[in-house]
Amino acid sequence: MKVKKTSLFNLHQKNGAKFVEFAGYQMPIQYKEGIIEEHKYTRAHSGIFDVSHMGQLFIIGGDDLTKELEKIFPTDLTNLSINKSKYSFLMNDNAGIHDDLIITKVDNGFMIILNAACKENDFKIIEKKLDKKFDLKIREDLSLVALQGPEAKHVLEKIIPQSNNLKFMHGNSFTFEDINIYITRSGYTGEDGFEISIDNSKVESFVEILLKNGSKLIGLGARDTLRLEAGLCLYGHDLNEKISPIEANLKWAISKNRINSSFPGSSIIKKQIDEGVKKIRVGIKPETKVIAREKTKIFDQNDKLIGSVTSGTFGPSVQGPIAMGYVTNDCSSLNTKIYLEVRGKKIPANVCDLPFYKKNYVKGEINVRS
Amino acid sequence: MSEVKFSKEHEWITIDGEVATIGITKHATEMLGDIVFTELPEKGSSVEKDGTAGVVESTKAASDVYTPISGEVVDTNQSIVDDPSKINSDPEGSAWFFKLKIKDKSEIDSLMNRSEYEKFAKESAS
């Protein structure tokens with residue numbers, strides 16, 4: 007299979023990007039200054055992330071489409087007002103997660119942002135479930151850029167006046183150089199920020215202006231440390247087809263008025279809410295400086311295997327190692343002492359609250375935890 | 030102090046009498062990216078040529094550090110444990126990893142000189 011490039015590839019190259027193949031795309035892992043500087047720049051100022059590899063799925067339809075999508079997603083779409091976004095899941099019949107995604111209600115239907123590695127499979131599943139009754143399309147003609155950080159609103163406001171009026175998890179259409187662009191106030195770094203959907207032909211000039219206004223390009227490396235500090239899941243690592251949203255500790259994303267309705271995996275979701283789960287995702291703070299990577303085995307005080315790490319790195323803002331993983335329910339309460347097996351040694355750690363790094367989103371809806 | 034020598038695992042080594050000082054090369058640090066964690070061998074322990082003698086971790090991954098010769102660890106550089114970013118800023122100077130009491134000087138003969146290493150590093154990077 008040929009490796010794909012995003013419309014920003016040349017700009018990445020010009021800015022000294024090191025590339026890696028990710029989900030079939032040549033993506034920048036970092037630029038000249040490196041992951042730690044990029045991470046800190048995003049937390050202190052603002053960073054630009056090319057997320058054009060993600061799928062921008064548009065489904066055209068009215069109320070009948072809303073009803074059909076509610077058979078697929080565990081989210082209250084009936085009461086979702088126009089230009090509002092919700093975090094949701096595409097699940098299998100066992101409540102395992104095919105993908106985690108963001109659904110936004112737009113003028114003539116819905117826009118759904120899919121993970122790059124999942125988008126083709128997601129499309130097939132959704133297309134089959136909609137049974138050719140609606141027009142759906144992954145828009146390859148559009149790029150997607152995230153602008154994240156405390157200064158993101160000021161940088162964007164200079165180019166797109168009124169963009170700072172958006173509330174968290176809300177979107178709207180704006181004009182840039184005579185073309186229509188769609189901006190949502192969202193992101194995946196734990197910072198205030200925006201995601202901008204823009205035509206491939208205009209994305210480079212758009213990003214050049216962001217750069218001129220003091221923002222910097224940030225690679226996938228820092229995107230990973232930022233999202234882990236924010237306690238956010240990465241599909242394929244913290245989430246997969248064998249893990250349910252309840253096990254992933256993401257119950258808040260299942261709309262309360264939908265728990266008794268029918269969607270893929272709904273009976274299992276309901277059972278898990280009523281009876282609890284055997285394993286659950288937790289935050290993990292090692293007591294030493296040792297980093298516990300993905301697949302690190304987790305033990306309890308009696309040396310019993312209780313789970314494994316699904317994401318682990320050094321948090322540049324936290325200034326220490328951080329991790330997330332799944333442990334048995336009896337070991338999941340806050341401050342439980344656990345042990346991580348790294349290079350043959352048992353490293354003491356504690357179950358901790360997420361996120362590791364907390365910052366206030368622009369109010370509108372507190373989506374992080376409920 | 031002798032000429033600096035290099036291993037295929039991207040370590041450098043200098044010899045001062047019976048004692049060798051070992052660290053990782055600038056080229057290695059450029060491949061690793063920001064180093065955020067370092068583990069060094071224990072003082073007094075014995076290490077074997079080409080065996081592991083420490084770990085460096087970047088935000089992305091962990092990598093073993095090997096020793097290019099055998100010997101007994103007589104000193105380790107605590108400052109790179111306290112602040113691993115020193116390895117990125119001065120890899121072939123103040124950010125040395127450990128010192129060995131050399132077991133067999135002939136092991137040094139098979140190592141590369143600087144121009145050989147630079148050629149090797151360039152080829153292995155492409």
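Sequence order for the protein chains is A and B. Note that our numbering has the first sequence beginning at 7, numbered continuously upward. Note that our numbering has the second sequence beginning at 30, numbered continuously upward. Just so you know, even glycine gets a beta-carbon here, dropped at the ideal spot from N, CA and C. Computed from a predicted structure; not experimentally measured.
Contact check for Pro361(A) and Ala254(A): beta-carbon distance about 15 Å, past the 8 Å limit, so the pair fails to qualify. Straight across, the Cα-Cα distance linking Leu142(A) with Ser58(A) is about 18 Å. A check of alpha carbon separations from Val103(B) across Ile51(B), Pro97(B), Gly73(B) identifies Gly73(B) as the nearest.
Using a Cβ-Cβ cut-off of 8 Å, Phe320(A) counts as an interface residue toward chain B, since at least one Cβ of chain B sits closer than that to its own. Taking 8 Å as the upper bound on Cβ-Cβ separation, chain A lies near residues Val84, Glu86, Ser87, Thr88, Lys89, Ala90 of the segment 70-90 of chain B. Membership of Glu201(A) in the beta strand (DSSP E) is indicated by the continuous run 199-205.
Using a CB distance below 9 Å, the part of the segment 293-315 of chain A facing chain B consists of Lys295, Val296, Ile297, Arg299, ordered along the chain. Taking a Cβ-Cβ threshold of 8 Å, the residues of chain B close to Thr231(A) are Thr88, in chain order.
Between Glu101(B) and Lys130(B), the C-beta gap is smaller than 8 Å, which places the two residues in contact. The beta carbon of Ile274(A) does not come within 8 Å of any beta carbon belonging to chain B, so the residue lies off that interface.
If you compare the alpha carbons of Lys8(A), Gly30(A), Asp56(A) with that of Ser221(A), the shortest gap goes to Asp56(A). Among the bridge pairs identified by DSSP, Cys358(A) is matched with Gly289(A).
Taking a cut-off of 8 Å for Cβ pairs, the segment 30-46 of chain B and the segment 141-153 of chain B touch, as three or more such pairs fall below it.
With the criterion set as a beta carbon lying under 9 Å from some beta carbon of chain B, the members of the segment 335-349 of chain A are Val348, Arg349, in sequence order. Annotated as distal: Ile78(A) and Asp113(A), with beta-carbon spacing of 8 Å or more.
For Lys24(A), the enclosing beta strand (DSSP E) stretches over residues 24-28. About 12 Å separates the CB atoms of Thr58(B) and Glu40(B); that is not less than 8 Å, and the two are not in contact. Boundaries of the alpha helix (DSSP H) harbouring Ser153(B): 143-154, taken from the DSSP string. Taking a 10 Å sphere around the C-beta of Ser273(A), we find fewer than 16 other C-beta atoms and assign the residue as exposed. Shown here, Ala49(B) sits in a strand according to DSSP, grouped into three states.
For Gly227(A), the chain B residues whose Cβ falls inside 8 Å of its Cβ are Gly62, Thr88, Lys89, in order along the chain. For Phe66(B), the chain A residues whose C-beta falls within less than 8 Å of its own C-beta are Lys295, Val296, Ile297, Phe320, Pro327, listed in chain order. Following the DSSP letters along the chain, one finds Tyr345(A) inside the beta strand (DSSP E) bounded by residues 343-348.
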